[in-house]
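Undergrad: In UniProt numbering, the protein residues as written are 1 to 265. Starting off with a structure, shown below.
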Amino acid sequence: MKVPLEIRPGSDAGLGYVKYGNGPVHVLVMHDWLGDHASYDAVVPWLDGHALTYVFVDLRGYGQSIALTGEFTVEEIAADCLTLADQLGWGRFHVIGHSMTGMITQHIAADAPSRVTSAIAVCPVSAAGNRLSPEALTFFASTVDDDNALRRLFKFVSGGLSDEWADSKVQHSRATVAPACRRPYLDMLVTANFVDDVQGLATPFLVMVGDNDPGLDAKAMQRTFLAWHPNAELHVIPDCGHYPMQACPRYFATVVERFLKRHTT
Numbered sequence: 001m002k003v004p005l006e007i008r009p010g011s012d013a014g015l016g017y018v019k020y021g022n023g024p025v026h027v028l029v030m031h032d033w034l035g036d037h038a039s040y041d042a043v044v045p046w047l048d049g050h051a052l053t054y055v056f057v058d059l060r061g062y063g064q065s066i067a068l069t070g071e072f073t074v075e076e077i078a079a080d081c082l083t084l085a086d087q088l089g090w091g092r093f094h095v096i097g098h099s100m101t102g103m104i105t106q107h108i109a110a111d112a113p114s115r116v117t118s119a120i121a122v123c124p125v126s127a128a129g130n131r132l133s134p135e136a137l138t139f140f141a142s143t144v145d146d147d148n149a150l151r152r153l154f155k156f157v158s159g160g161l162s163d164e165w166a167d168s169k170v171q172h173s174r175a176t177v178a179p180a181c182r183r184p185y186l187d188m189l190v191t192a193n194f195v196d197d198v199q200g201l202a203t204p205f206l207v208m209v210g211d212n213d214p215g216l217d218a219k220a221m222q223r224t225f226l227a228w229h230p231n232a233e234l235h236v237i238p239d240c241g242h243y244p245m246q247a248c249p250r251y252f253a254t255v256v257e258r259f260l261k262r263h264t265t
């Protein structure tokens with residue numbers, strides 16, 4: 001039996017999203033700084049849409065929410081996502097975040113601990129932010145407008161994915177990420193610091209990293225997520241960089257769903 005797919009554009013009423021599945025277990029999935037919900041497209045065929053319902057949300061300025069403006073802050077993202085969960089009628093749900101939105105999984109869990117069943121942080125920036133050197137920040141900032149710089153960044157963090165993948169990634173990013181939100185979200189992820197609000201959270205966390213991700217490795221996770229969250233566990237994905245949902249979608253889906261189903265009550 002075919003599993004339904006629903007697309008809702010963003011509006012003044014809330015964020016846009018793509019929904020997959022009709023199961024009783026609810027999962028809110030967030031994207032990274034440089035892509036929208038479509039970053040997970042390759043994973044969808046491997047998901048159990050009969051047991052779970054996935055909502056791949058687009059933050060303000062991305063994808064189905066590309067026309068939505070805002071303050072582009074951690075607090076705004078978390079509030080928007082909780083409002084969306086309310087609109088969906090979800091009392092309890094799991095949350096998944098990638099890279100920039102890894103920290104948002106922590107913020108949502110801190111804001112609504114009774115509602116978040118578990119959280120998965122994929123190659124995540126933590127609640128401590130990503131403190132870049134001046135040179136690195138200059139380079140990251142250049143990717144906002146410079147396609148060649150963005151291509152170099154994708155190649156650097158991908159763990160060996162092809163030039164064709166990087167070219168396609170650049171084209172998709174430029175088409176689905178509003179220019180006005182790119183630098184504000186970068187400023188957010190490098191300056192955020194709400195560690196005191198998340199230390200000791202009992203929420204079960206799965207932290208996933210690729211063993212070829214040059215910036216967000218297992219040691220960084222030991223110092224952050226695993227040090228702060230008593231129920232956190234680490235999974236290192238072999239032969240993978242910063243985009244496991246695209247590099248190894250079947251493997252990624254298997255690890256994610258094994259954890260979600262283990263923590264579903």
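From the three backbone atoms N, C-alpha and C, an ideal C-beta is built for every residue, glycine too.
(1) Would you check if the stretch 78-95 and the stretch 186-193 touch, i.e. whether three or more CB-CB distances between them fall below 8 Å?
(2) If you drop the 5 nearest sequence neighbours on each side, which residues of the same chain put their C-beta closer than 7 Å to that of G16?
(3) Report the residue from R115, I108, V170 and F56 whose alpha carbon sits nearest the alpha carbon of G91.
(4) Can you list, in chain order, the residues of its chain whose CB lies under 6 Å from that of V144, leaving out five sequence neighbours each side?
(5) Can you tell me whether Q87 is buried or exposed, with buried defined as 16 or more other CB within 10 angstroms of its CB?
(6) Could you tell me the boundaries of the alpha helix (DSSP H) in which A166 lies?
(7) Measure the C-alpha to C-alpha separation of A202 and K19 and round it to an integer number of angstroms.
(8) If you compare alpha carbons, which of H263, L161 and H50 is closest to residue 266?
(9) Suppose only complete runs of 3+ residues qualify. What are the beta strand (DSSP E) ranges in the stretch 105-142, listed by chain order?
(10) When burial is assigned at 16 or more other CB atoms within 10 Å of the CB, is S133 buried or exposed?
(11) Q106 and A127 look like a contact to me (Cβ under 8 Å); what is the Cβ gap, rounded to whole Å?
(12) I'd like the list of long-range same chain contacts for G61, defined as Cβ closer than 6 Å, with 5 residues on each side in sequence excluded.
(13) Taking only runs that begin and end inside the stretch 2-50, name each unbroken beta strand (DSSP E) of 3 or more residues, in chain order.
(14) What residues match up with A232 in a beta bridge as DSSP calls it?
(15) Terminal residues of the continuous alpha helix (DSSP H) containing Y185?
(16) Given this structure, state the Cα-to-Cα distance separating I237 from V209, to the nearest angstrom.
(17) Grab the span of the beta strand (DSSP E) containing T53 for me, first residue to last.
(18) Which of the three DSSP states, helix, strand or coil, is assigned to V144?
TA: Considering the structure as presented:
(1) no
(2) R8, P9, G10, D58, G63, Q64 and S65
(3) R115
(4) R182 and R183
(5) exposed
(6) D163 to T176
(7) 28 Å
(8) With the chain represented from 1 up to 265, any question about residue 266 goes unanswered, as that position is not in the structure.
(9) 116-122
(10) exposed
(11) 5 Å
(12) A178 and C181
(13) 5-8, 17-20 and 25-29
(14) F205
(15) P179 to T191
(16) 6 Å
(17) L52 to V57
(18) coil
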